[in-house]
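Take a look at the structure set out below.
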Amino acid sequence: MKVFINKRIPEIGLQMLNEAGLDLTIPENQNLSPEEWLRYCQDADAILNVGQNKYDQSFFESCPNVKAIALFSVGFDAVNIDEANKRNIPVGNTPDVLSRATSDIAFLLMQSVARRASFNFEKVKAGEWGDFDPLHALGQELYGKTLGVFGLGRIGFEMAEKSKKAFDMNIIYHNRSHNEEAEKELGAKYVSFEELVSQSDVLSIHASFTQEHADLFNQAVFEKMKPNAIFVNTARGGFHNQTDLYNALIEKKIWGAGLDVTNPEPILHDDPILGLSNVCVLPHIGSATVEARNGMAKFAAENLIAFSKGEKMPHCANPEVYQ
Ligand code: DGY
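For the sequence shown, this note's numbering assigns the number 700 to the initial residue and increments by one for each residue that follows.
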């Protein structure tokens, strides 16, 4: 089976795929143009995809040989699942193995913004340490505050658990369904979206992104948040309207924002949000630990090896293809 891998992944995954006898193509050039990328896909039976390449109707029509896609991500918003289902194409993803790492980044952003860490670091780098000033660059403490989790699945649970243990935060959440484990273990309370927005001191997004969520966090929502609220997005940039977020920050409708994902992504280098003192932006590094990336490589390899043997992918975003 010919497998196209668009970027090198950790050795553990490559070794598994090689040992399984799969025929791997990994181009020297790790930054293919869209046309080059498509040509490699057209020549493959299966794809191990790194990054946000789009798998839409036009892709599937121009790559009729492709029979399986293994994503090197938990999120599968880049794939039109209906189009994959129509063609019986299983789409693998990498849940669980990156939950700890990604929630660590949400937790880090929450604290970085609360204590204005990146702003203060910028000042130190610019030689502006300055005199001790009792009133300058004050942060806020998180103890006993309310964390609102939008999407309480595996990553949201880990963020909630850390926040509970570290700062005894009250956990509220809004989700498609109740999370009984979080309610029992963390005392998490299910609330409406409106309550989540108006009651959270920190609002952290951990849901899977679909087009229905595009710009969900917009001016109308930021207006309803607390003035001390910290907005954290480590899920997908499409959840927030970045101009509205910028306006909410400069108009002090909310207190600060921590973003590991931006809209658009990558963020433009002259995006005015980067100049704000109450913002910390990271370049989508939620899963960027050795442990998580090894786990992702292993899951992606397991998915392709299972597919090559005619078995079900063990980590599949569209298990309905097997029914
Ligand atoms: C994921 O796994 O979905 C990460 O956001 C990387 O895309």
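Where is the CB? At the ideal position from N, CA and C, for every residue including glycine.
Problem - Nearest to residue 1023 (by Cα), restricted to the options 894, 761, 1011 - result: Outside the shown range of the chain (700 to 1022) lies residue 1023, about which nothing can therefore be said.
Handout entry: Inter-residue Cα distance where the pair is residue 883 and residue 861
Key = Those two C-alpha atoms are separated by around 15 Å.
Handout entry: Helix, strand or coil at residue 869 according to DSSP, with G and I counted as helix
Key = DSSP places residue 869 in strand when its eight states are reduced to three.
Handout entry: Shell residues, 5 Å Cβ cut-off relative to heavy atoms of ligand 1
Key = 772, 773, 774
Problem - 7 Å Cβ cutoff met for residue 994 and residue 979 - result: no
Exercise for the section: State the Cα-Cα distance for the pair residue 868 and residue 837, rounded to the nearest angstrom. Expected result: 20 Å
Problem - Three-state secondary structure (DSSP) of residue 745 - result: The three-state reading of DSSP puts residue 745 in strand, counting E and B together.
Practice task
For residue 1014, name the three-state secondary structure that DSSP assigns.
Solution key: coil
Exercise for the section: Take residue 954 as the anchor and find which of 975, 938, 967, 966 has the nearest alpha-carbon. Expected result: 975
Exercise for the section: Just list the alpha helix (DSSP H) runs in the region 832-877, keeping only unbroken ones of 4 residues or longer that don't cross its boundaries, in chain order. Expected result: 853-866
Practice task
Below 8 Å on the Cβ atoms is my guess for residue 1017 versus residue 780; work out the distance and round it to an integer in Å.
Solution key: 5 Å
Problem - Sheet register partners of residue 955 (DSSP bridge) - result: DSSP lists 929 as partners of residue 955.
Handout entry: Selected residue, minimal CA-CA separation from residue 921, among 1021, 911, 900, 905
Key = 900
Problem - residue 894 to residue 845 span [Cα, whole Å] - result: One C-alpha to the other measures close to 12 Å.
Handout entry: DSSP three-state assignment for residue 942, whether helix, strand or coil
Key = helix
Practice task
Measure how close the beta-carbons of residue 705 and residue 749 come, nearest whole angstrom, since I'm counting them as under 8 Å.
Solution key: 6 Å
Handout entry: residue 766 - DSSP class collapsed to helix/strand/coil
Key = coil
Exercise for the section: Starting from the Cα of residue 897, find the closest Cα among 878, 927, 914, 886 and give me that residue. Expected result: Residue 927 is the option with its Cα nearest to residue 897.
Handout entry: Burial state of residue 810, where buried means 16 or more other Cβ atoms lie within 10 Å
Key = buried
Problem - Length at least 4, wholly inside the region 958-1017: the alpha helix (DSSP H) runs in chain order - result: 989-1007
Practice task
Assign residue 982 to buried or exposed, taking buried as 16 or more other Cβ atoms, counted over all protein chains shown, within 10 Å of its Cβ.
Solution key: exposed
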